[in-house]
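Take a look at the structure below.
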Amino acid sequence: MNTSRKLLLFGYGNPSRGDDALGPSLVARIELLKLGHIECQNDMQLQVEHIMDFIECDQIMFIDADLSCTEPFVLSKVDAAKDNSYTTHAMTPHTVLHIYQEVYRQKPPPAYLLRIRGYHFELCEELSMKARINLEEAIKLVSKLCHSGSFEIKCKA
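Each residue of the sequence shown is one higher than the last, beginning at 396 in my numbering.
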């Protein structure tokens, strides 16, 4: 296992809104593995302040629930790109990486987005059964990648 690389798992979503808790739930499960080279973070949404969390990272994996992706999940590379989300409360990974690049005048660490298929996002709901199945599949993949020391795999762009 390559433990010299610092990998950041960043799950985001609202744990009180049903399947929106998929990102934080995955990160919480990986955190239980206590892998020294993995930093685990959760938040309700991405914000400009999160760029400070990326400074010493070699790779980042953003993890979020998605109502429109295929089951059980979709993993893709994320590049820095400015979009309109920088003016909203819900920034995209692309925009957060773009802001990192603007502030620090350097390319951000390689980043990936794991979108886990969710179905129900109602307030005060728990994870749906179908989302739990997708979560378990995503945990298998992320656990394997964390143990390998890299998020870099052949993924669809």
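Each residue gets a CB set at the ideal place from its N, CA and C atoms; glycine is no exception.
Coarse secondary structure for residue i, derived from DSSP in three states
i	result
Leu402	strand
Gln442	coil
Ala485	coil
Ile534	helix
Asn529	helix
Ile450	coil
Nearest neighbour of residue i, chosen from the options [CA to CA]
i	options	result
Cys452	Val498, Pro504 and Glu531	Pro504
Glu532	Asn409, Ile446, Phe449 and Ile425	Ile425
Lys525	Ile534, His515 and Thr487	His515
Burial state of residue i, where buried means 16 or more other Cβ atoms lie within 10 Å
i	result
Val498	exposed
Gln454	buried
Leu417	buried
Thr465	exposed
Ile450	exposed
Gly411	Before going on, a small fix: residue 411 reads as Ser here, not Gly. Exposed.
Start and end residues, beta strand (DSSP E) containing residue i
i	result
Arg510	Ala506 to Arg512
Ala460	Gln454 to Asp461
Ser556	Shown here, the chain extends from 396 to 552; a query on residue 556 therefore has no answer.
Rounded Cβ spacing between residue i and residue j (contact assumed at less than 8 Å)
i	j	result
His489	Val469	15 Å between Cβ atoms; not a contact.
Residue i, enclosing alpha helix (DSSP H) - first and last residue
i	result
Glu426	Leu417 to Glu426
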